[in-house]
Amino acid sequence: MEKTQVIEKAKEVIAAPSCCPELKEAAQNWIDAVGTDGEKKAAEVLIAELKEDVLTIDSVIEFSGTDAAAKIFGAETAAKIGAHAKEVKAAGGEYCDCPACSAGKAILDNQDAIL
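Per the working numbering, the sequence shown starts with residue 626, numbered consecutively.
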């Protein structure tokens, strides 16, 4: 993947409703730093944040059944998230397939293009 493609994936991360504020900030900071002396450091911060935030499907399944998930999403939505995650796992998926995690995983898979 070329750096320009990674930039597009970073923009997808930022646009994803499921993206946390910390990851949005790290992605935007990296985009802003591309072509500057701070690019490598910003890339390292982005990769570290992605490693924390891109969830395995097992993590999603586990979290969706908690009181915290019910409080954040509402019980019905949390249950739907859990059911969907179980479908993803049954189909062989290893990671969350939300827009933020999907784009983030693509960046992680191609981190050599930006480091």
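Glycine included, each C-beta is placed from N, C-alpha and C at the ideal position. These figures come from a predicted structure and were not determined experimentally.
- For residue 735, there is no enclosing alpha helix (DSSP H), as DSSP gives it neither H nor E.
- Three or more Cβ pairs closer than 8 Å define a contact, and the segment 672 to 688 meets that threshold against the segment 713 to 726.
- The DSSP assignment places complete alpha helix (DSSP H) segments of no fewer than 4 residues inside the segment 646 to 694 at 646 to 658, 664 to 678 and 682 to 689, in order along the chain.
- The distance from the Cβ of residue 656 to that of residue 682 is about 28 Å, inconsistent with a contact at the 8 Å cut-off.
- Taking a 10 Å sphere around the C-beta of residue 648, we find 16 or more other C-beta atoms and assign the residue as buried.
- Note on geometry: alpha-carbon atoms of residue 733 and residue 689 lie some 24 Å from one another.
- The criterion of a C-beta distance shorter than 8 Å is satisfied by residue 738 and residue 627.
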